[in-house]
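Q: Please see the structure below; I have some questions.
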Amino acid sequence: MPKAIHRRACHLCEAICGLLIETDGEQILSIKGDPEDPLSRGHICPKAVALQDIHEDPDRLRGPVRRIPGTNGAADSWQDIGWDEALDTTARRLVEIAQRDGVNAIGIYLGNPTVHNYGMMTHQKSLFRHFRTVNRFSATSVDQLPHHLVSLWLFGHKSLFPIPDIDRCDYFLMLGANPIASNGSIWTVPDVRRRIKDLKRRGAKLVVVDPRRTETAQLASEHLFITPGTDALFLLALLQTLFAEDLVDPGALSGFVTGLQDVASAITDFTPEFAAPHTGIDAATTRRIARELAAANAGICYGRMGVSTQVYGTLCQWLLQLLNIATGNLDKPGGSLFTLPAVDQVSSISPGGFGRHHSRVRQLPEFDRELPAAAMAEEITTPGEGQIRALFVGAGNPVLSTPNGRQLDAALAQLEFMVCLDPYLNETTRHADIILPPTSPLEHDHYDLAFHINAIRNTARHSEAVFEPPEGALHDWQIFTELGNRVAELLGQDSQPAVPPHEIIDMGLQMGPYSERQGDPRALSLARLRQHPSGIDLGPLQSQLPQRLQTADKTINCATPQPLADLQRLREQYSGDGDGQLRLIGRRHVRSNNSWMHNYRRLVKGKDRCTLLMHPLDMRSRKIRDGATVTLSSRAGAVSVTVEASEDMMPGVVSLPHGFGHNRTGIRMQTAVRHAGVSCNDVTDELLLDALSGNAAVNGVPVAVSAAHS
Ligand SMILES: Nc1nc2c(c(=O)[nH]1)N[C@H]1C(S)=C(S)[C@@H](COP(=O)(O)OP(=O)(O)OC[C@H]3O[C@@H](n4cnc5c(=O)[nH]c(N)nc54)[C@H](O)[C@@H]3O)O[C@H]1N2
Ligand SMILES: Nc1nc2c(c(=O)[nH]1)N[C@H]1C(S)=C(S)[C@@H](COP(=O)(O)OP(=O)(O)OC[C@H]3O[C@@H](n4cnc5c(=O)[nH]c(N)nc54)[C@H](O)[C@@H]3O)O[C@H]1N2
Ligand code: SF4
Ligand SMILES: [Mo]
1 MPKAIHRRAC HLCEAICGLL IETDGEQILS IKGDPEDPLS RGHICPKAVA
51 LQDIHEDPDR LRGPVRRIPG TNGAADSWQD IGWDEALDTT ARRLVEIAQR
101 DGVNAIGIYL GNPTVHNYGM MTHQKSLFRH FRTVNRFSAT SVDQLPHHLV
151 SLWLFGHKSL FPIPDIDRCD YFLMLGANPI ASNGSIWTVP DVRRRIKDLK
201 RRGAKLVVVD PRRTETAQLA SEHLFITPGT DALFLLALLQ TLFAEDLVDP
251 GALSGFVTGL QDVASAITDF TPEFAAPHTG IDAATTRRIA RELAAANAGI
301 CYGRMGVSTQ VYGTLCQWLL QLLNIATGNL DKPGGSLFTL PAVDQVSSIS
351 PGGFGRHHSR VRQLPEFDRE LPAAAMAEEI TTPGEGQIRA LFVGAGNPVL
401 STPNGRQLDA ALAQLEFMVC LDPYLNETTR HADIILPPTS PLEHDHYDLA
451 FHINAIRNTA RHSEAVFEPP EGALHDWQIF TELGNRVAEL LGQDSQPAVP
501 PHEIIDMGLQ MGPYSERQGD PRALSLARLR QHPSGIDLGP LQSQLPQRLQ
551 TADKTINCAT PQPLADLQRL REQYSGDGDG QLRLIGRRHV RSNNSWMHNY
601 RRLVKGKDRC TLLMHPLDMR SRKIRDGATV TLSSRAGAVS VTVEASEDMM
651 PGVVSLPHGF GHNRTGIRMQ TAVRHAGVSC NDVTDELLLD ALSGNAAVNG
701 VPVAVSAAHS
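Okay, structure coming up:
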């Protein structure tokens with residue numbers, strides 16, 4: 001086979017960089033950035049080469065396997081089985097259990113790569129339409145659930161996210177995000193380092209608020225430490241200052257924004273002086289930031305994981321958007337704007353809903369027909385009607401990614417049947433009865449259904465598969481389709497025709513905002529995208545309000561009852577002094593990605609990254625030496641980990657990355673096991689939630705650290 005260069009979007013993180021993949025037959029020769037991609041402009045990060053490593057990884061499962069339980073204490077073993085047997089058994093077991101115990105006995109958990117793999121998004125309903133269980137979970141509730149809720153309440157749709165227009169702003173206030181490591185989240189912003197440098201070069205200001213002086217904070221114009229979990233107090237103080245100093249000016253939004261005055265009256269007591277002793281940010285600084293934000297021509301307030309996965313996650317996200325609205329920076333070039341993607345999910349998928357049912361054991365609210373992942377273990381282990389007896393996990397590793405993962409680890413062993421759609425035998429899938437591995441990413445085509453919605457520029461791109469799949473291999477969407485058809489047959493229903501995902505995208509493009517049907521000269525269709533494999537530029541973000549709002553009356557009502565009521569929880573928590581306990585936060589590294597990219601030698605080499613960062617002052621008071629092994633413990637659990645002294649930590653705060661903890665029996669990921677680390681989520685607490693949304697608070701966990709005695 002001749003040499004070829006394939007143009008392809010990287011699906012590994014939200015930045016969706018364009019790649020040039022050079023191949024010689026079945027061999028990958030190089031992976032480079034595609035300078036012609038209108039969004040990423042040639043940028044890539046070190047993870048791009050992992051596409052080759054994933055493809056070639058001998059540990060990646062190439063066909064279905066079945067677990068043979070070990071007898072007399074012996075370890076479980078795995079047997080290769082054919083696709084027919086694997087799919088038939090899975091369908092039969094799911095149907096049997098649903099018919100015997102009711103459909104709620106089936107649990108479903110979908111992990112993060114689901115939204116990076118469009119076939120999983122378009123085809124999951126082929127199977128799940130047969131199992132309309134209340135026990136659905138996903139990584140959303142250990143991540144961005146508060147963003148969805150706030151978008152639903154303020155803008156009328158869970159996927160209408162205001163996107164920071166970094167290239168045109170002159171002021172940027174960023175809380176709890178580290179895009180230099182993460183490459184951006186709910187903010188598709190490839191090449192963010194250059195964009196931050198450009199921002200500073202043109203005289204704009206970036207202020208980062210984070211309990212750690214992160215890689216992003218080090219690049220910023222100003223960095224403020226904040227006590228984990230207290231951001232809502234800081235944001236309220238900013239908003240209160242804007243009201244008190246008559247700096248509120250929604251500008252072009254005025255005609256369709258209501259309720260700001262009600263918010264003003266509700267927050268008068270949340271002054272900068274009230275916040276300061278808790279946040280660690282003095283009142284004068286808070287007032288200055290509020291004035292700077294108000295004075296900016298175009299300013300941005302943005303917050304991510306650190307202000308989402310904490311006990312006031314929803315309040316924080318609501319306040320961030322109220323700040324954007326009160327300063328007139330929503331929907332303004334250089335502020336935060338809504339995108340208009342070529343396949344527009346806002347017009348085609350449900351806006352979402354909240355609290356229409358609750359979890360059985362702890363009465364936690366659903367969002368978008370999903371329950372909080374923190375409730376999964378108890379829904380498996382608590383007997384009674386509606387107890388989960390069978391679990392489907394797709395592209396997820398909840399044992400490492402959800403709070404109190406050890407508890408879930410134990411709970412999974414009690415299931416009657418578990419099936420995983422996953423290419424690896426890992427901490428979660430080791431409990432499965434059957435693992436169904438899909439084709440490698442380079443063996444299927446790609447269109448980014450999820451992340452164009454969050455991108456700083458409207459672009460569209462479709463990538464063809466780089467390699468033909470091996471004989472008999474199935475894509476994720478085909479596995480869903482096959483399972484769905486088998487279940488239909490067992491239920492005596494008709495099967496559904498298998499429309500491949502690219503045809504669904506073609507329809508979406510041809511109905512979308514840049515289609516011929518809409519009279520757009522770009523006349524987008526799949527055929528059109530195929531002529532432009534580096535992508536098509538659809539231009540910078542533009543003002544679209546109020547038309548783009550999905551609220552019934554096309555207004556934004558700022559006086560949202562739920563977060564307003566939640567203010568009382570904040571008042572009560574901060575009426576006295578703090579508990580003096582250390583707080584645990586997370587950490588991301590550019591060479592890692594959640595739990596599943598530690599099996600690639602090129603990405604894990606170098607010094608151990610699974611260390612506990614701690615300020616020297618906190619170490620001294622506990623008589624802990626740099627490099628010592630310490631015990632990190634919480635209500636939920638404890639781990640032994642190496643401590644690393646760091647002046648970049650706020651005193652009183654320690655940081656441990658998540659996604660490690662590979663040293664468990666039965667895992668088939670050789671390299672990851674050699675870089676095992678410990679799981680941060682063995683310490684996070686399934687009871688520590690954003691009470692409003694049910695989102696997990698994996699940041700700001702109260703912990704103790706002590707020298708481990710041998
Ligand atoms: N303490 C703490 N916990 C956290 C976080 C944190 O910051 N701190 N972050 C949270 C966040 S933001 C997230 S998104 C979650 C992630 O939580 P999860 O989604 O549960 O976990 P991942 O580590 O992303 O695991 C992905 C799984 O999908 C498989 N996979 C990869 N690609 C594919 C594919 O194309 N098809 C299929 N079928 N499988 C695939 C991998 O082998 C792996 O098993 O973790 C959360 N947990
Ligand atoms: N390299 C790499 N890239 C990734 C991922 C990865 O694992 N590795 N994961 C991807 C996923 S799934 C996601 S969701 C995104 C996440 O993208 P980001 O949110 O940008 O990434 P994080 O590193 O989690 O940043 C959270 C920041 O919040 C800070 N923080 C913790 N607690 C608090 C608090 O109480 N208040 C404030 N103000 N800050 C706090 C932390 O110190 C950290 O710097 O990254 C994506 N990209
Ligand atoms: S930044 Fe994200 S999308 Fe870009 S190359 Fe790295 S992993 Fe891929
Ligand atoms: Mo995430």
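Quick note: the sequence shown, position 397, residue 397 per my numbering, numbers continuous.
No residue lacks a Cβ here, since even glycine has one placed at the ideal position from N, Cα and C.
Note down, in chain order, each residue of its chain lying with its Cβ closer than 6 angstroms to the Cβ of Ala-704, except the 5 sequence neighbours on either side.
A: Ser-633
Q: Ignore the nearest five residues each way along the sequence and tell me which others in His-55's own chain have a CB closer than 6 angstroms to its CB.
A: Ser-440 and Leu-442
Q: Please confirm whether any heavy atom of ligand 3 lies closer than 6 angstroms to the CB of Leu-750.
A: Residue 750 cannot be examined here, being either before or after the span of the chain that is shown, 1 to 710.
Q: DSSP on Phe-128, reduced to helix/strand/coil?
A: helix
Q: For Gly-694 versus Pro-372, is the C-beta distance shorter than 7 angstroms?
A: Their beta carbons are under 7 angstroms apart, which means Gly-694 touches Pro-372 by this criterion.
Q: Please tell me whether Arg-587 and Ser-640 are closer than 7 angstroms, where the distance is taken between their beta carbons.
A: no
Q: Quick check: the Cα distance between Leu-529 and Gln-52, rounded to an integer number of angstroms?
A: 25 angstroms
Q: Measuring CA to CA, which of Gly-73, Pro-58 and His-116 is closest to Leu-449?
A: Proximity to Leu-449 across Gly-73, Pro-58 and His-116 peaks at His-116, based on C-alpha coordinates.
Q: Could you check if Asn-183 belongs to the surroundings of ligand 3, using beta carbon to heavy atom distance under 6 angstroms?
A: Yes, Cβ of Asn-183 sits closer than 6 angstroms to a heavy atom of ligand 3.
Q: DSSP puts Asp-24 in a beta bridge; with which residues?
A: Lys-3 and Gln-27
Q: Looking only at C-alpha atoms, which of Ala-220, Asn-594 and Thr-279 sits nearest to Pro-228?
A: Thr-279
Q: Any idea what DSSP makes of Glu-644, helix, strand or coil?
A: In the three-state reduction of the DSSP assignment, Glu-644 falls in the strand class.
Q: Once DSSP output is grouped into helix, strand and coil, what is the label at Met-597?
A: coil
Q: Would you identify the three-state DSSP class for Lys-158, choosing helix, strand or coil?
A: Shown here, Lys-158 sits in coil according to DSSP, grouped into three states, outside any helix or strand.
Q: Would you give the residue range spanned by the beta strand (DSSP E) that Asn-112 belongs to?
A: Asn-112 -> no beta strand (DSSP E), and no H or E assigned at all.
Q: What is the rounded straight-line gap between the Cα of Asn-135 and the Cα of Arg-635?
A: 26 angstroms
Q: Cutting at 7 angstroms between CB atoms, please list the residues of its own chain near Ile-504, excluding the five before and the five after it.
A: Thr-122
Q: Quick check on the burial criterion: 16 or more other C-beta atoms within 10 angstroms. Buried or exposed for Leu-687?
A: Burial call: exposed.
Q: State the DSSP-derived secondary structure class of Gly-508, mapped to helix, strand or coil.
A: Correct three-state label for Gly-508: helix.
Q: Are the beta-carbon atoms of Ala-98 and Ile-106 separated by less than 7 angstroms?
A: yes
Q: Can you give me the Cβ contacts of Asp-579 inside the same chain, cut-off strictly under 7 angstroms, excluding the 5 residues immediately before and after it?
A: Pro-702
Q: Apply the 10 Å Cβ neighbour rule to Gly-184 and answer buried if 16 or more other Cβ atoms are within range, or exposed otherwise.
A: Buried is the call here.
Q: Under three-state DSSP, which class holds Arg-138?
A: According to the sequence displayed, residue 138 carries Ser and not Arg. In this structure, Ser-138 counts as strand in the three-state DSSP scheme.
Q: Across which residues does DSSP place Asn-557 in a beta bridge pair?
A: Thr-258
Q: State the DSSP-derived secondary structure class of His-615, mapped to helix, strand or coil.
A: coil
Q: Specify, as a first and last residue, the run of the beta strand (DSSP E) that Pro-702 falls within.
A: Judged by DSSP secondary structure, Pro-702 falls within the beta strand (DSSP E) whose first and last residues are 701-707.
Q: Among the residues of its own chain, which have a CB less than 6 angstroms from the CB of Ser-359, if the five just before and after it don't count?
A: Leu-371 and Ala-375
Q: Heavy atom of ligand 1 less than 6 angstroms from the Cβ of Leu-421, yes or no?
A: yes
Q: Quick one: Cα of Phe-161 to Cα of Asn-454, how far?
A: 7 angstroms
Q: Below 6 angstroms, is the gap between the Cβ of Trp-83 and the nearest heavy atom of ligand 1?
A: Judged by the Cβ position, Trp-83 fails to qualify as a neighbour of ligand 1 at the 6 angstroms threshold, every heavy atom of the ligand being at least this far.
Q: In or out: Leu-130 buried (at least 16 other Cβ within 10 Å) or exposed?
A: Here the sequence assigns His to residue 130, which means Leu is not the residue at that position. By the neighbour-count rule (16 or more Cβ atoms within 10 Å), His-130 is buried.
Q: With distances taken Cα to Cα, identify the nearest neighbour of Gly-715 among Pro-35, Phe-234, Gln-345 and Phe-243.
A: Residue 715 is absent from the structure shown; the chain starts at 1 and stops at 710.
Q: If contacts are defined as beta-carbon pairs under 8 angstroms, then Gly-677 and Cys-610 qualify, I think. What distance do you get, rounded to the angstrom?
A: 3 angstroms
Q: Go ahead and label Arg-457 buried or exposed: buried means 16 or more other beta carbons lie within 10 angstroms of its beta carbon, across all protein chains shown.
A: Flag for Arg-457 reads buried.
Q: Pick helix, strand or coil for Leu-549, following the three-state DSSP scheme.
A: coil
Q: Are the Cβ atoms of Ala-50 and Cys-10 separated by less than 7 angstroms?
A: no
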